[in-house]
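Colleague:
Residue numbers (this note's numbering): -9 to 134.
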């Protein structure tokens, strides 16, 4: 049975597995990541949920709602979406994206947006097959 479960602090160990798998080129310390996770799950302008299949954690999705001049309104940024590697190509990613889109519509968002690391070619194909269009380059500047 497929179930979407709102993320809670009790789920943090499972969330860490997904976070580490999504950005496997980064390193994460548990305590700082746990603090961010706690802020996310308590922020009314954010969401985080798991997809469970017969009680097994199969996927994780996190996003934020924010105002943009570009869309002239509320926009949903999907910052994390990942399915366990051995469970990919079975429709779980689509189910999570559908759920994120449904939540964004309920909130009044005009669009879903996301970015994806350049090496994640399979993810890019998934996003394009889902209906996303390439719209920009992403840049970052570390401030530490």
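Just so it is clear, CB atoms sit at the ideal spot from N, CA and C, and this is done for glycine as well.
(1) Beta-carbon within less than 7 Å of residue 20's beta-carbon, same chain only, minus the 5 sequence neighbours each way: which residues are those?
(2) Pairing CB atoms from the stretch 26 to 35 with CB atoms from the stretch 83 to 90, are three or more of them under 8 Å?
(3) Contact check, residue 63 vs residue 37 under 8 Å by CB: the rounded distance?
(4) Can you look up residue 54 in the DSSP assignment and give me helix, strand or coil?
(5) My output table needs one value for residue 83: the three-state DSSP class, helix, strand or coil.
(6) Out of curiosity, what's the CA-to-CA distance linking residue 121 and residue 106?
Modeller: Let me lay it out:
(1) Only 6 meet the Cβ criterion.
(2) With the cut-off at 8 Å, the stretch 26 to 35 and the stretch 83 to 90 do not touch.
(3) Contact doesn't hold; Cβ gap of about 18 Å is too wide.
(4) strand
(5) helix
(6) 15 Å
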